[in-house]
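First residue of the sequence shown: 10, per the working numbering; consecutive thereafter.
For glycine and all other residues, C-beta sits at the position ideal for the given N, C-alpha and C.
Beneath this line is the structure, given in C-alpha cells, with notes to follow.
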Amino acid sequence: MIEKFKSTATFLKERIKNEPEIGIILGSGLGGLANKLEDAIAFEYKNIPNFPVSTVEGHSGKLVFGKLGGKNVVAMQGRFHFYEGYPMDVVTFPVRVMKFLGVKYLFVSNAAGGLNPDFKAGDMMIINDHINYFPTNPLIGKNYNELGPRFPDMSKTYNRELIAKAKEIAKQNNLKVQEGIYIGSSGPTLETPAEYRLFHKFGADATGMSTVPEVIVAHHMGIKCFGMSVITNGSEPADPNGETTHDEVQDVAGSVEPKMTLIFTELIKSL
Numbered sequence: 010m011i012e013k014f015k016s017t018a019t020f021l022k023e024r025i026k027n028e029p030e031i032g033i034i035l036g037s038g039l040g041g042l043a044n045k046l047e048d049a050i051a052f053e054y055k056n057i058p059n060f061p062v063s064t065v066e067g068h069s070g071k072l073v074f075g076k077l078g079g080k081n082v083v084a085m086q087g088r089f090h091f092y093e094g095y096p097m098d099v100v101t102f103p104v105r106v107m108k109f110l111g112v113k114y115l116f117v118s119n120a121a122g123g124l125n126p127d128f129k130a131g132d133m134m135i136i137n138d139h140i141n142y143f144p145t146n147p148l149i150g151k152n153y154n155e156l157g158p159r160f161p162d163m164s165k166t167y168n169r170e171l172i173a174k175a176k177e178i179a180k181q182n183n184l185k186v187q188e189g190i191y192i193g194s195s196g197p198t199l200e201t202p203a204e205y206r207l208f209h210k211f212g213a214d215a216t217g218m219s220t221v222p223e224v225i226v227a228h229h230m231g232i233k234c235f236g237m238s239v240i241t242n243g244s245e246p247a248d249p250n251g252e253t254t255h256d257e258v259q260d261v262a263g264s265v266e267p268k269m270t271l272i273f274t275e276l277i278k279s280l
C-alpha cells in the first residue's frame, strides 16, 4: 500500500509546480471553493493512478492544486464514501497520498444534519470532536510505522489552535458559527427520527456520512485537522410531513458555501 501512495504522489508531483502544504476535502454542495484557487491545475480522479472515482451527485471528482490565501493547497472536489461500496482503505487513499505530497494541515467540510435543537438549517458548525459510528475503522489491519502508531491518541484530533483562530475570524467578519461534535455513520439512508434522537443522546450535534474516516487517517499520520459542517436541516423539521432530500442538502450547503470559503481562506492565510 505504501508503494501505491508513493507512486501516486510521484505521478502528481511530476505534473505540478508547487508541492502543497494544506489539503482540503470539500463536501456535498461545497465544491465551489476549489474554483477560487489561483494558478490552478486540475486532475480528474479517473486520470490519477490508483484513485477511485466518486459516484455521488454534487461531487465533481477532481483533484485541484493551486494557491489559496497565499499558500499552496490541494483540494478534493468530491470525496469518496463508505456507502459507495468502497472499503476504508480506498475511502482514505487520497489522504494518505496527501501526506506523501507534503501536506501538513487537512481542512474538511461536509453537509450535515442538525441534531442539536439550537441549530438551524444554514448554520455553520466548527467540529471540535467526532464519534465514529461507522461499522469499521480505517486503521483496522496491518499498521505501517512509517505512517503512524498502532494505537494513536485521539484526545486532540481537531486542532485547538485552528479552532480558536477560526472562531476569531468568524467574529471579525460578523459570521455566526456553532461548535460541536460530529457523528459519522455509513449511510446511504438519511437518519430515521429514532436515530436522530439516539445520536443526540450520544452527545453529537450534527450527523453525516463522511469526514470521520479521513480525519482518523490524517491524525494517524500527524496531519493537523480542522473541520466544518454546514447544517442542512434541523433536528425538528419545519414541515413535520416533509422529507429531506439530497437536492435540498446540496441547495442549503451551496447557499452557505461563500461564508465557509471565507473562513477557510482566512484561516489558511493565517498559517
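Excluding the 5 residues flanking it on each side, residue 196 has same chain C-beta neighbours closer than 6 Å at 92, 218, in chain order.
DSSP places residue 127 in the coil class of the three-state scheme, outside both helix and strand.
Contact check for residue 133 and residue 269: beta-carbon distance about 6 Å, within the 8 Å limit, so the pair qualifies. In its chain, beyond the 5 residues on either side, 91, 145, 147, 222 have a beta carbon closer than 7 Å to the beta carbon of residue 97.
Residue 104 is positioned such that its CB atom lies closer than 9 Å to that of residue 232.
Each residue's CA atom was taken as its position, placing residue 215 and residue 174 some 21 Å apart. Per DSSP, the unbroken beta strand (DSSP E) holding residue 139 starts and ends at 133-141.
Fully enclosed beta strand (DSSP E) runs of no fewer than 3 residues occupy 71-77, 80-86 of the region 59-103, in order along the chain. Taking C-beta atoms as the reference points, residue 114 and residue 234 count as a pair closer than 9 Å. In the three-state scheme derived from DSSP, where H, G and I count as helix and E and B as strand, residue 182 is classed as coil. Taken atom to atom, the span from the alpha-carbon of residue 59 to that of residue 142 is near 27 Å.
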